[in-house]
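Chains as they are written, first to last, in my numbering: chain A, 1 to 668; chain B, 669 to 1336.
Shown next, in structure tokens, is the structure this report addresses.
2 protein chains.
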Amino acid sequence: MPSSNKKINPDLVKERKKCSFNTLELTHLLDGGVQKTIERKSRENFFLDDEELQSKIPLEYLSHKEKYEEAVRKACLLFKKVNQLQSEGKGGMDNFREILGGQLGSAILKDGNPLTLHYVMFIPTLMGQASLEQQTKWIQKAWTCDIIGTYAQTELGHGTFIRGLETTATYDPKTEEFVLNSPSITAYKWWPGGLGHSANYAIVVAQLYTLGKNHGIHPFIVQLRDEETHMPLPGIKIGEIGCKLGMNSTNNGYLGFENVRIPRTNMLMKNTRVLPDGTYVESPSSKLTYGTMIFVRVVLVQDCATYLKKVCTIATRYSAVRHQSQIKPSEPEVQILDFLTQQYKIFPYIASCFAFQYAAALIWDTYNSVSSELETGQFDNLPELHATACVLKAVCTEECSRGVETLRLACGGHGYMAASNLPATYGLVTAMCTYEGENTVLLLQTARFLIKILQNEQNKPMLPTMKYLQDALRVQAPFQKSVNWILTALQKTAAGKLDLANKHINERVKKGMAYEDAWNMTSIELVQAADMHGRVFLVNTFIISVQKFKSQVSQELWIVLDQLLQLYAVNTILKLTGDVLKFTELQGKDVEVLQSWLEELLILIRPNAVGLVDSFDFRDEVLSSALGAYDGNVYERLFEETRKSPLNAEPVNKSFKEFLKPFMKAQL
Amino acid sequence: MPSSNKKINPDLVKERKKCSFNTLELTHLLDGGVQKTIERKSRENFFLDDEELQSKIPLEYLSHKEKYEEAVRKACLLFKKVNQLQSEGKGGMDNFREILGGQLGSAILKDGNPLTLHYVMFIPTLMGQASLEQQTKWIQKAWTCDIIGTYAQTELGHGTFIRGLETTATYDPKTEEFVLNSPSITAYKWWPGGLGHSANYAIVVAQLYTLGKNHGIHPFIVQLRDEETHMPLPGIKIGEIGCKLGMNSTNNGYLGFENVRIPRTNMLMKNTRVLPDGTYVESPSSKLTYGTMIFVRVVLVQDCATYLKKVCTIATRYSAVRHQSQIKPSEPEVQILDFLTQQYKIFPYIASCFAFQYAAALIWDTYNSVSSELETGQFDNLPELHATACVLKAVCTEECSRGVETLRLACGGHGYMAASNLPATYGLVTAMCTYEGENTVLLLQTARFLIKILQNEQNKPMLPTMKYLQDALRVQAPFQKSVNWILTALQKTAAGKLDLANKHINERVKKGMAYEDAWNMTSIELVQAADMHGRVFLVNTFIISVQKFKSQVSQELWIVLDQLLQLYAVNTILKLTGDVLKFTELQGKDVEVLQSWLEELLILIRPNAVGLVDSFDFRDEVLSSALGAYDGNVYERLFEETRKSPLNAEPVNKSFKEFLKPFMKAQL
């Protein structure tokens, strides 16, 4: 069996020589400065050089149960190391973000972390919704991991529509306790990560009943398991929900209640309270709890950028190393990266990585400024932030999922191998389309807001990416071969589609349909219009960012960033010409100009493709891919991976003697 | 824990009452007649009522090695039963087709069958390419499973471009043997199903060298393992390639050769021969071996129909049972099938099932008639059959993959559960985009043929679905709200796109580019044009079939089939308006007519949705889905599935004591 070769694949050496810009400059730009790069690398060394955090056998060979056990082992070690860093005063929140997010976390726990929700939901919810007194009692225990918590909201019967949750928490003033029950099978909590066998506490969202009246859903702290023995407490029905498309180490669980009693003081009471006699005291503003939901969606947009960068790195390096077929019969087999169709599959997604990152940065800033406003009682910009976070989450997760699969398929059969790490990445990415708000539902929420803006029923928009809605319908913009024209055309199209959808709603209402039914009948158009608005946002923030960089980066780098912007814009509009032809001055012959512009850009980007993905600067352990490693020794690595298969440890598997031989020897 | 309820979910009872046609009539139509339905059901009973063919623990909970062992157990039992049927004279080839294809096979071996290639490739290749003498020697042994074979063509370094294969078979006249070698790591065979640990023989495709000259690739029979001990023979390097996105029970293997000697008579010599002295005797026609490749692609189109029907059944039944959100605030939560956006996700794919089935039927007939022509030495229609099989394989596998994921996402979080059977189905379906010819490569092959037709450089086309290319550019066709107009518009668009791509190639050549480079630079447009031709084919065969049924089926059923045809056509053209606006008389305002036509059709089909998928008549064991069962008891079934998880067998997993408790008790 051939063994791995440590030298760099000559195709990659050649590619790296061709690069026209300094990849380190781009790495620094993407990290947010030299210092950030140094910190990131130091953190990566700390975690990835620790052999205990590697698995001896790749997870996919293990049974479901073994996968979980290995994940608990690693997760405990991982957070021990995080705490070590914290106690040394290094890194602060960045450590958690990296460990829980796409880059470092998914390198160590490739298929999910059973303790993530303790940090991402349990502690933040305590911080956001517990009273000061409750925080004193619980947060220290949670921070030091005396208790491990999760967040139990979704039920078997309800995800998106949380008002429909069925779990009840009924106040009993005699004992000053809440009594929790699952009145039906669909009331069982279902999905929370770590709930199956890992957490011993949970924040449970339930319908609050007191003095015979329902006050809607509220959060409660509930102990699930004995702190010493980990046995489920009486009345707690608990387990894991089983195998999934991906994330099979997250230990997603189910949870039912049969008359489980908790003290009154276990209701999280920062905003609303139940007094000992059962009196319900209202929240000053229910909008205060909105923040976490928006925050998570903002983080997902950033995660999309990270995952897509990983996958682009894998597909680009593989395509530079893989030779297949001839363009001319007389010449040798070419690098598949030289096929225009392959460039067309990969390069637009390299551009998307940048688009996502800039969009994430803008929405992150907006989130922070709106959060500050909320603390001073200013809620005016919240709906716009919410609408923007919804559409970006939907558009980026959808585009990212499609990208992962397009790029996996672009790697041919080898992309189908677990050793490529593309299948597991898809498992993580496609889940984002569903959780934290199903994409179609989110797009419809955005559409509702956009129509109000269009009709001037809402405050003036704060974001530069939203203002166009107020005048786009009146703008004249004959075709030009420019990114700015593309933006204007997309804006006109988004506004036009919204306006048309709105017209169709009104026509249906005039014919006697209820507004809600008219909305439903027009919802396909509304979803498409909101999606189009998301595209406008992405192109717009990309333009703004590249303009800003002009004075900050070298000319060599800026040229490449500008090419990527152009590619992103042209590719976006070419996929939407059906709409753009309808709502703008674009004509059939102009589409040909756009198509050849696209082709020119692919050729311009080709020599820098490997340089661009090198700039993303992923360690091989983060990529975890035989196809994507820095040295490009694809075939040697694929071969090495086969040695890890327990099936290959024996030349003859026992099933031969047990089943196959008797079958073959039988006279059939 | 609640237990399963055997009665039918009331939502499904209600839906079934609404159905406007006789579902049994449609079942018979789809099966090809009453008798075919009876035979299918009898076969399903024979296999699916056998409890030994069920797995006690769902495969996904097992380790990779256990999955393989369980698959060998089942595969041996399965083929024993097939042989039992054959010996009773029941069923003939239909048994094999069902067992090896999408419907019955994937119900029993959900993640692949390690013996499939023995029946699908090893035996057929012997039949097609072995001389009569060789057939006498080998076929009986293969039929009775004295030996188990596989087909080893693809290598680590070469898949699509088979001329590039590196394995060598060098003739040694002294011993009258071929000597097989893998001259490099990329020469290792990689991917063949069953090669890892199951097969003891293989047909190996290798570069033939004799008397110092290379004669290109040829097939050889090679023994891999000892027939008694199953130990790999000397010089045979063999094992499995590791985990994949799906098909983890197929035991895909690798294979390298180090001076492996086989008798001269092990070269398959039906068409070409090497004489004892090493003389190479040419084949009368290399086209004779073309057939198998086309045959497999034809079968894949049929498989696409089967898989998509399964997934449509699951998504439709789940959407009828699932209630979520309100359309009007005053009313109860609605069946999610009442959301127009949900109908838009599902119903067009129900229509695709029919489109695929009719396309598969036409190409199957064409395949048979061209095969008869080949036997009489007539090769004229082979290129057209080949081009058609290529584009249909590419278009149908792509649309089917997209469909599976769209429908999985339409089932929300529960679609992500392995218990939905949607993830495993995606694993099987997306693989079809890559194997048996990568889709982009196939589309380019079709494009090359279509351009010849367009330029009248080829024989006149035989297929009614191809003839349009000769005059579509000249046809005048102002917009009409009719399926026939849509077909004409799509034809004009396909011809227009091809013509434009051809113009761009010629322009590039005029500017001095080599034709091959011009082809590459135009390949994005060529791929899109070929894809468009595939859409034309699907709409066209759907129209022809529904016209034909008009006199054969009841009026009630015909109305529904016609609605599905309309939906398929309208949905196809709406996704392509960017091109259609350019190449036809379609105008912006007409798109609005098409959009509202689409919406009307969704509403018309809504009451029959459950009836339509009921007509596909899948047994629950074939669907293997908690979301899709006939009784619609989705939540009870999801819950039952959790009981099968070995992790749930103990209330506390050992990792608590080993890792979690020490971590929690440590003073962090």
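Using N, Cα and C, we set each Cβ at its ideal position, and we do this for glycine too.
From a predicted model like this one, the values you see are computed outputs, not experimental measurements.
Going by DSSP, name the residue or residues bridged to residue i.
| i | result |
| --- | --- |
| F257 (chain A) | A:I236 |
| I453 (chain A) | DSSP lists no partner for I453 (chain A). |
| Y280 (chain A) | A:V274 |
| W858 (chain B) | B:Y922 |
| M1085 (chain B) | A:K244 |
| Q103 (chain A) | Its beta-bridge partners do not exist; DSSP assigns none. |
Please list the terminal residues of the continuous beta strand (DSSP E) segment that includes residue i.
| i | result |
| --- | --- |
| Y839 (chain B) | T836 to D840 |
| A152 (chain A) | G149 to A152 |
| L208 (chain A) | Y201 to T210 |
| I221 (chain A) | K213 to Q223 |
Taking the continuous alpha helix (DSSP H) assigned at residue i, which residues delimit it?
| i | result |
| --- | --- |
| G377 (chain A) | Where G377 (chain A) is concerned, there is no enclosing alpha helix (DSSP H), given that its DSSP letter is neither H nor E. |
| Q1223 (chain B) | Q1223 to K1243 |
| R932 (chain B) | It is not in any alpha helix (DSSP H) - R932 (chain B) carries neither H nor E in the DSSP assignment. |
| R16 (chain A) | P10 to K18 |
| E51 (chain A) | No alpha helix (DSSP H) contains E51 (chain A), which DSSP labels as neither H nor E. |
| R765 (chain B) | M761 to L768 |
By Cβ distance, which residues of its chain are closer than 6 Å to residue i, with the 5 residues on each side in sequence left out?
| i | result |
| --- | --- |
| C1064 (chain B) | V969, C972 and F1024 |
| L337 (chain A) | S319 and A320 |
Candidates the options: which alpha carbon is nearest residue i's?
| i | options | result |
| --- | --- | --- |
| M462 (chain A) | A:D531, A:C400 and A:T388 | A:T388 |
| C1079 (chain B) | A:Y435, A:A418, A:L211 and A:G412 | A:Y435 |
| L526 (chain A) | A:N502, A:T23, A:E636 and A:I327 | A:N502 |
| S1283 (chain B) | B:R684, B:P678 and B:I676 | B:R684 |
| P232 (chain A) | A:T125, A:Y254 and A:E52 | A:Y254 |
| T37 (chain A) | A:N45, A:H28 and A:E44 | A:H28 |
| T1252 (chain B) | B:N1188, B:L1242 and B:K1160 | B:K1160 |
| L500 (chain A) | A:Q552, A:N271, A:W519 and A:N484 | A:W519 |
| V1259 (chain B) | A:T186, A:D579, A:Q595 and A:L586 | A:D579 |
| E88 (chain A) | A:R43, A:L109 and A:P646 | A:R43 |
| M935 (chain B) | B:Q1010, B:Q1011, B:T838 and B:R965 | B:T838 |
| E621 (chain A) | A:Q324, A:F639, A:F47 and A:G32 | A:F47 |
| S131 (chain A) | A:T541, A:W597 and A:F220 | A:F220 |
| A1197 (chain B) | B:V872, B:G1256, B:V1059 and B:D1285 | B:V1059 |
| P1016 (chain B) | B:L876, B:L753, B:R1287 and B:E1268 | B:E1268 |
CB-CB under 7 Å to residue i, same chain, minus the five flanking residues each way: which ones, in chain order?
| i | result |
| --- | --- |
| G1296 (chain B) | T981, I982, R985 and Y986 |
| L783 (chain B) | A743, F747, I816, G862 and S866 |
| C1021 (chain B) | A973, L976, K977 and C980 |
| H732 (chain B) | C911 and N916 |
Helix, strand or coil, according to DSSP, for residue i in the structure here?
| i | result |
| --- | --- |
| E155 (chain A) | strand |
| R941 (chain B) | strand |
| R322 (chain A) | coil |
| N181 (chain A) | strand |
| K912 (chain B) | strand |
| Q480 (chain A) | coil |
| Q552 (chain A) | coil |
| N653 (chain A) | coil |
| Q1011 (chain B) | helix |
| Q35 (chain A) | helix |
| Q587 (chain A) | coil |
Apart from the five residues just before and just after residue i, which ones in its own chain have a Cβ nearer than 8 Å to its Cβ?
| i | result |
| --- | --- |
| I791 (chain B) | I807, A810, W811 and G817 |
| L913 (chain B) | G1095, T1098 and A1099 |
| L1014 (chain B) | For the sequence presented, residue 1014 (chain B) should be read as Ile rather than Leu. Hits under 8 Å: C980, A983, T984, S987, L1005, L1075, A1078 and A1277. |
Tell me whether residue i counts as near the ligand SAH, meaning its Cβ is closer than 7 Å to at least one heavy atom of that ligand.
| i | result |
| --- | --- |
| K510 (chain A) | Because no ligand of any kind appears in the structure shown, any question about the ligand SAH cannot be addressed here. |
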